[in-house]
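See structure below.
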Amino acid sequence: PLYIDKKSESLRVIQHMRDEAHRFGITHHRNRRSKGTIVSKLTEIKGIGDETASELLRKFKSINKIKKASLEELSSIVGPSKAKLVRTFFDA
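Shown next as structure tokens:
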């Protein structure tokens, strides 16, 4: 172990670096977890799998934008049959 004076500036810098690295890791994990939840919401639609859900999210960036998208916009990304499934799910 390395012993550093508790009042030294060096210790503060090291602690700050540790705290930033921890914050970065936690933020990344939260983002991954929340995106997974969103994808699972889309996969509740019968006929829509992980790949299609991810494709929709990549293009529209959020569930709200997918909800507001027209049938034509959805069709251009996932095809007419899947677009109809998505539209029906969110219009219900």
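In terms of my numbering, the sequence shown opens at residue 5 and continues consecutively.
Every residue gets a Cβ at the ideal spot worked out from N, C-alpha and C, and that includes glycine.
No experiment lies behind these values; they were computed from the predicted model shown.
Kindly list the residues whose CB is nearer than 8 Å to the CB of residue i, restricted to its own chain and excluding five residues on each side of it in sequence; keep chain order.
i	result
Asn68	none
Ile70	Leu46, Leu60, Leu61, Phe64, Leu78, Val90 and Phe94
Whose CA, out of the options, lies closest to the CA of residue i?
i	options	result
Gly51	Asp9, Arg91, Arg22 and Thr31	Arg91
Ile81	Glu48, Ser44, Glu24 and Thr56	Thr56
Ser85	Ile49, Ala96, His33 and Ser58	Ile49
With DSSP collapsed to three states, give me the class of residue i.
i	result
Pro84	helix
Gly159	The structure shown has nothing for residue 159, since the chain only spans 5 to 96.
Lys65	coil
Ala73	coil
Lys11	coil
Ala25	helix
Glu48	coil
So, is the C-beta of residue i closer than 9 Å to a C-beta in chain C?
i	result
Ser74	Absent here is chain C; the protein component of the structure consists of one chain.
Less than 7 Å between C-beta atoms, sequence neighbours within five positions excluded: which residues of the same chain meet that for residue i?
i	result
Ser74	none
So residue i and residue j are supposed to be a Cβ contact under 8 Å. How far apart are they, rounded?
i	j	result
Asp23	Leu15	Contact doesn't hold; Cβ gap of about 12 Å is too wide.
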